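There are 2 protein chains.
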Amino acid sequence: MTTTTPSRRERLRAETVVEVKEAARRLLVAGGPTAISLRAIARDVGLTAPALYRYFDSLDALVLAVVADLFEDLRGAVVAAAGEHAAEEPLARVGHLVREFRRWSLAHPAEFALMFGSPVPGVTRCDPLNEAGARFAETFFTTLGEHFQRHPFGGAAHDLPEAAQRDLFRPYLETFGERFPLPVIYLFVAAWTRLYGIVAMEVFGHLRWAMTDVEPLFELELSRTLGHLAR
Amino acid sequence: MTTTTPSRRERLRAETVVEVKEAARRLLVAGGPTAISLRAIARDVGLTAPALYRYFDSLDALVLAVVADLFEDLRGAVVAAAGEHAAEEPLARVGHLVREFRRWSLAHPAEFALMFGSPVPGVTRCDPLNEAGARFAETFFTTLGEHFQRHPFGGAAHDLPEAAQRDLFRPYLETFGERFPLPVIYLFVAAWTRLYGIVAMEVFGHLRWAMTDVEPLFELELSRTLGHLAR
DNA sequence: ATTTTTCGTGAACGGTGTTCACCTTCGCAA
DNA sequence: TTGCGAAGGTGAACACCGTTCACGAAAAAT
Chain A
1 MTTTTPSRRE RLRAETVVEV KEAARRLLVA GGPTAISLRA IARDVGLTAP
51 ALYRYFDSLD ALVLAVVADL FEDLRGAVVA AAGEHAAEEP LARVGHLVRE
101 FRRWSLAHPA EFALMFGSPV PGVTRCDPLN EAGARFAETF FTTLGEHFQR
151 HPFGGAAHDL PEAAQRDLFR PYLETFGERF PLPVIYLFVA AWTRLYGIVA
201 MEVFGHLRWA MTDVEPLFEL ELSRTLGHLA R
Chain B
1001 MTTTTPSRRE RLRAETVVEV KEAARRLLVA GGPTAISLRA IARDVGLTAP
1051 ALYRYFDSLD ALVLAVVADL FEDLRGAVVA AAGEHAAEEP LARVGHLVRE
1101 FRRWSLAHPA EFALMFGSPV PGVTRCDPLN EAGARFAETF FTTLGEHFQR
1151 HPFGGAAHDL PEAAQRDLFR PYLETFGERF PLPVIYLFVA AWTRLYGIVA
1201 MEVFGHLRWA MTDVEPLFEL ELSRTLGHLA R
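Here the protein sequences line up with chains A and B, keeping their order.
Residues 1 to 231 (this note's numbering) make up the first sequence, in order.
Residues 1001 to 1231 (this note's numbering) make up the second sequence, in order.
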């Protein structure tokens, strides 16, 4: 192990990196994703814009690093919220996870837009980001795993032949392995799209034409979805 | 009526406006929402950037006008697709509307991002855009109205007291009136959020970590949702 | 003590939205 | 027909932006 000596220089460098990312996040919450600018960040940390290229390959790379951090933040908030209900049933704890996901997203709309909104260019989300997203998903899988360990899943989600399902969920299986039966994977993805739909539309204000408060819709859909997973 | 004489000058002006919007859309599909730039549009139509301020108050206003047009485009595509199944039951035609919504969105990801993605700044979507969105929603309401005229809705979506529901859906009621019973409005919003969730995640590539093809998920959720509306 | 790597800078290039003064051209009325 | 006012278009300018480059200073390694 050579990591025992952060070597002073690496320490300063690491400090600068977090300072830069903090400044980027301040700009993000202040003015939305488009307000993140290399020169504004440089002003905030007391540097010139070209200096930031010693720490990040480009503005995109910097933003990507911020997004990865945000996934860790969200993950932390979500597990902390579920931790306050550690005594409850696993499925109920999944509910708390999702509730905190909504709460965090509403409290951090700019961050949400950056993480879950429309990606800007051609967008092949690169490896470190996928890793952070996978760790976030893991949180849900873990608690869900506890549930299915106690109550094995009996139903069938649909009538696709197993080979077709296996092919369909190949990306998932390659990343997360065969922890759950295929119908459970289906139910999970369906649940995720439903709750994402509600939260995204609420955060983006795309439901203001219809309703004043999205919470009743969210709670009802959440309980319905948990019911699907329970049966 | 004074509109009988477009007065030549107004005619040229209108032609320029559509040329400008066409150029903006070309840039949009070529390079995404961020590729729309005033100067690039000006180059395309053979003008200088300041000249465009004779036609639009700002770049934002121009983009807003484009988005309003896109809603009309999408609406046209959707009604055309449903028109090919005019002989079918109204609820089945709603299914065709939604299917075409997904097809159009996948074929026009950049446009979709602009219309349904994360809004950029503080975002009070202004009047003409809301109007276009309302006309788009109308398409679904009309076909849905045909269905409920033939098969009056019997069930209850949830257990909220009517006064609370009335308060909840006040924005909808103010725009679209009391055409449907309150539970139907609830079901419609729930259905819209579900299908939006799937389509948005598919268009944005947010489901590639899980599955290779979203269509089975979409079709199953669609048929389930239509079942909810039918009962 | 000297060399090498790291860090930071200022200048520059090409791009952006927006404003302004200025000029031409068109439409209309006297 | 002449004049005049409004509309449309332009070039210059301002303040931003991401990025590259040559260069100097400081720190680390030799």
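Where is the CB? At the ideal position from N, CA and C, for every residue including glycine.
All values derive from a computational prediction rather than experimental measurement.
| How would you list, in chain order, the residues of chain A whose beta-carbon sits under 8 Å from the beta-carbon of residue 1189 (chain B)? | 207, 210, 211, 217
| field | Cβ separation of residue 169 (chain A) and residue 1110 (chain B), assumed to be a contact under 8 Å, to the nearest whole Å | value | Actually they are not in contact, since the Cβ atoms of residue 169 (chain A) and residue 1110 (chain B) sit about 28 Å apart, beyond 8 Å.
| Top-ranked residue by Cα proximity to residue 143 (chain A), from A:219, A:96, A:56 | A:96
| request: Output yes if chain B places a C-beta closer than 8 Å to the C-beta of residue 8 (chain A); else output no. | output: no
| said: Counting only beta-carbon separations shorter than 8 Å, does residue 23 (chain A) have a partner in chain B? | reply: no
| task | Evaluate residue 122 (chain A) with the Cβ neighbour count: other Cβ atoms within 10 Å of its Cβ, from every protein chain shown; 16 or more gives buried, anything less gives exposed. | result | Legend: pLDDT at residue 122 (chain A) = 49, less than 50; position of this residue unreliable, value from coordinates given subsequently. Classification for residue 122 (chain A): exposed.
| request: Anything in the segment 65-87 of chain A with a Cβ closer than 7 Å to a Cβ of chain B? List those residues in chain order, please. | output: none
| Closest to residue 1072 (chain B) by CA distance: which of B:1085, B:1037, B:1137 is it? | B:1137
| request: Would you tell me roughly how many angstroms separate the C-alpha atoms of residue 13 (chain A) and residue 20 (chain A), rounded to the nearest one? | output: 11 Å
| task | Quick one: grab the DSSP three-state call for residue 1209 (chain B). | result | coil
| said: Looking at residue 139 (chain A): is its Cβ nearer than 8 Å to the Cβ of residue 75 (chain A)? | reply: yes
| query | Around the C-beta of residue 3 (chain A), are 16 or more other C-beta atoms found within 10 angstroms, so that it is buried, or is it exposed? | reply | Because residue 3 (chain A) carries a pLDDT of 47, less than 50, the predicted location of this residue cannot be relied on, and no value is offered for it.
| message | Quick check: residue 55 (chain A) and residue 18 (chain A), are their CB atoms within less than 8 Å of each other? | response | no
| said: Report the CB separation of residue 1066 (chain B) from residue 1024 (chain B) in whole angstroms; it is logged as a contact under 8 Å. | reply: 5 Å
| request: Find the nearest neighbour of residue 68 (chain A) within the set A:106, A:214, A:160, A:116, judged by alpha-carbon distance. | output: A:116
| request: Could you spell out where the alpha helix (DSSP H) holding residue 38 (chain A) opens and where it closes? | output: 38-45
| query | If you count every other CB in all the chains shown that lies within 10 Å of the CB of residue 1032 (chain B), and 16 or more means buried, which is it? | reply | buried
| said: Less than 8 Å between the C-beta atoms of residue 177 (chain A) and residue 1119 (chain B), yes or no? | reply: no
| residue 1193 (chain B): contacting residues in chain A (beta-carbon distance under 8 Å) | 194, 197, 198, 201, 207, 217, 221
| If you compare alpha carbons, which of A:160, A:181, A:213 is closest to residue 1171 (chain B)? | A:213
| request: Can you give me the Cβ contacts of residue 44 (chain A) inside the same chain, cut-off strictly under 6 Å, excluding the 5 residues immediately before and after it? | output: 23
| query | With DSSP run on the structure shown, which of helix, strand or coil describes residue 195 (chain A)? | reply | helix
| query | Which chain A residues are close to residue 975 (chain B), counting only those with a beta carbon under 7 Å from its beta carbon? | reply | What is shown of chain B runs 1001 to 1231, which leaves residue 975 (chain B) out entirely.
| Is it buried or exposed for residue 194 (chain A), if we count other Cβ within 10 angstroms and need 16 for buried? | buried
| Which word fits residue 98 (chain A), buried or exposed, when buried means at least 16 other C-beta atoms lie within 10 angstroms of its C-beta? | buried
| query | Which two residues bound the contiguous alpha helix (DSSP H) that contains residue 1073 (chain B)? | reply | 1059-1083
| task | At 7 Å on the CB atoms, spell out the chain B contacts of residue 175 (chain A), in chain order. | result | 1209
| If you run the structure through DSSP and keep just helix, strand and coil, what is residue 1007 (chain B)? | coil
| request: Less than 8 Å between the CB atoms is what I'm expecting for residue 27 (chain A) and residue 42 (chain A), so what's the real figure, rounded? | output: Contact doesn't hold; Cβ gap of about 11 Å is too wide.
| query | Less than 8 Å separating the beta-carbons of residue 1203 (chain B) and residue 1112 (chain B)? | reply | yes
| message | At the 8 Å Cβ level, is residue 1113 (chain B) part of the contact set with chain A, yes or no? | response | yes
| task | Assign residue 221 (chain A) to one of two classes, buried (16 or more other C-beta atoms within 10 Å of its C-beta) or exposed (fewer than that). | result | buried
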